[in-house]
Every structure is written in C-alpha cells, then in structure tokens.
Amino acid sequence: MSKILEINNLSINFATRDGSFTAVNNISFDIEKNQTMALVGESGSGKSVTAMSILQLLPKPQATYSQESSIKFNNKEIIDAAKEDLLSIRGNIVSMIFQEPMTSLNPYHRVGNQITESILLHSNVSKKEAIKEAMDLMSLVEIDDVSRRFYSYPHELSGGQRQRIMIAMALVNKPELLIADEPTTALDVTIQAQILDLMGKLKTELACQFYLLLMI
10 MSKILEINNL
20 SINFATRDGS
30 FTAVNNISFD
40 IEKNQTMALV
50 GESGSGKSVT
60 AMSILQLLPK
70 PQATYSQESS
80 IKFNNKEIID
90 AAKEDLLSIR
100 GNIVSMIFQE
110 PMTSLNPYHR
120 VGNQITESIL
130 LHSNVSKKEA
140 IKEAMDLMSL
150 VEIDDVSRRF
160 YSYPHELSGG
170 QRQRIMIAMA
180 LVNKPELLIA
190 DEPTTALDVT
200 IQAQILDLMG
210 KLKTELACQF
220 YLLLMI
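Count along the sequence shown starting at 1, add 9, and that's the number in this note's numbering.
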C-alpha cells in the first residue's frame with residue numbers, strides 16, 4: 010500500500026536549564042492509504058510533540074532531532090526542509106486540529122467569518138462563494154442551526170461546537186493528511202464520543218479524501 014507519512018527512529022530533545030530532555034524516544038510508524046491511525050498515550054508521553062514535529066512547528070534551536078530521525082511526507086524528507094517547502098505543506102496538504110479550540114479561534118471574530126477568511130486566503134473565490142462554502146462545511150461537521158451559529162462568537166458556542174468549527178477549518182483546503190491532536194480534551198464523555206464518531210463519518214462521507222492521524 011502507498012504511504013503518505015513515514016516516521017522512522019524519531020527522537021526529539023529539548024534544551025532546558027537543567028540539561029537536555031528527551032520528549033520523544035525512537036518512535037516509528039507509517040500511515041498508509043485509506044488508513045486511520047491512533048497514537049495512544051498518557052499525558053506527557055510525547056503525542057503532541059510528535060504531531061507538531063510532522064509540521065515542523067517545534068521551536069528551534071530548543072528542539073533538536075537525532076541524526077537517525079526521519080519524517081517523510083510522500084517520500085520527501087521534511088526535517089530541516091526549506092521554509093518554502095514547509096509552507097506549501099502546512100494547511101494545504103497537511104492540516105491539524107489542536108487540543109483547545111478557544112486558544113486557536115479568535116474570540117473577537119464570529120466563527121463563520123473565521124472559516125470564510127480561511128477560504129478566501131487559500132482559494133480564488135468571491136466572498137459570497139466563500140460564505141456558502143463555510144456554511145456547507147459547518148453543516149458537514151453537524152453544526153445545528155448553521156444560519157444562526159455562523160454569526161456566533163466562540164464563547165457563545167459549547168466546547169463540542171467549537172471543536173466542530175476547528176474541524177471545519179481544518180478541512181477548508183481538503184488536506185491529504187488530517188492530524189487531530191487530542192480533539193476531545195476538556196470535553197465530557199458523551200461529547201468525546203460524538204467528536205470521534207464525527208471524524209469517522211467525515212472520512213466515509215468524503216470518500217477517504219484524507220488520511221487521519223488521531224492523537225488520543
């Protein structure tokens with residue numbers, strides 16, 4: 010099977026006042042076509058660090074990789090890749106859903122406008138078309154009463170609704186790989202189940218247009 014992501018011997022260290030700290034130690038895994046993969050571990054086990062390393066979002070020079078570390082996307086090494094190459098991947102080919110939507114959504118802008126702006130930034134469409142696409146995405150992620158929720162501010166939505174907005178924003182550019190970094194953090198058990206069920210439904214409804222790496 011074709012592989013979209015190959016991680017081999019990934020080890021990540023952080024420089025601290027007390028010396029070097031190993032956050033990820035020699036991890037390897039692949040994501041193949043039509044596959045959903047879950048990386049499971051307790052808090053502090055390095056899941057988020059691994060997720061951020063895929064998009065090369067870790068701070069440098071504080072974060073360093075071992076010489077054996079390799080992260081390949083579509084057979085192309087991305088550790089120490091050129092900035093232009095990384096920018097072409099982030100958000101366009103690989104999207105990420107972060108843990109806490111309240112830290113990712115702008116509290117001063119309506120959620121519908123934030124999705125619309127993201128569409129306008131990456132697509133050559135009119136504002137009217139972008140608004141329609143944003144509403145369609147909100148419907149896709151099962152936001153109720155879209156015509157009203159479109160004009161809501163983040164604080165006016167529940168935690169589950171905010172997370173659905175983040176999923177919609179991550180799907181704007183129809184990414185090949187969608188990384189969900191603990192998407193159910195701070196949600197109650199019932200809503201956690203709904204969000205995980207939604208991720209599975211989206212993969213089916215979108216005919217596996219994206220691969221899914223799920224950090225839980």
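A virtual CB, placed ideally from N, CA and C, is assigned to each residue, including glycine.
Check each candidate in the options and name the one with the smallest Cα separation from residue i.
i           : options              : result
residue 17  : 77, 133, 64 and 164  : 77
residue 75  : 11, 31, 157 and 203  : 31
residue 187 : 106, 146, 141 and 72 : 106
residue 95  : 71, 127, 62 and 125  : 62
residue 148 : 176, 23 and 163      : 176
residue 42  : 90, 15, 193 and 155  : 15
residue 178 : 113, 117 and 137     : 113
residue 26  : 118, 71 and 92       : 71
May I have the straight-line CA-CA distance separating residue i from residue j, to the nearest angstrom?
i           : j           : result
residue 97  : residue 83  : 13 Å
residue 182 : residue 141 : 15 Å
residue 191 : residue 201 : 10 Å
residue 39  : residue 180 : 22 Å
residue 145 : residue 128 : 12 Å
residue 139 : residue 212 : 22 Å
residue 217 : residue 132 : Annotation note: pLDDT 47 at residue 217 (below 50); position unreliable, no value reported.
residue 81  : residue 125 : 31 Å
residue 209 : residue 89  : 33 Å
residue 152 : residue 189 : 19 Å
Residue j and residue i - do their beta-carbons sit closer together than 8 Å?
i           : j           : result
residue 110 : residue 174 : yes
residue 57  : residue 184 : no
residue 33  : residue 52  : no
residue 150 : residue 207 : yes
residue 123 : residue 115 : yes
residue 205 : residue 169 : no
residue 166 : residue 120 : yes
residue 171 : residue 163 : yes
residue 22  : residue 11  : no
residue 36  : residue 59  : yes
Beta strand (DSSP E) containing residue i: first to last residue?
i           : result
residue 124 : Unbroken run through residue 124 is the alpha helix (DSSP H), 120-131; no beta strand (DSSP E).
residue 73  : 72-74
residue 103 : 103-106
residue 98  : Element bounds for residue 98: not the beta strand (DSSP E) but the alpha helix (DSSP H), 92-98.
Mapping the DSSP letters down to three states, classify residue i as helix, strand or coil.
i           : result
residue 24  : strand
residue 145 : helix
residue 194 : coil
residue 33  : strand
residue 139 : helix
How would you write the range of the alpha helix (DSSP H) that residue i sits in, first residue to last?
i           : result
residue 176 : 168-179
residue 56  : 56-63
residue 202 : 198-214
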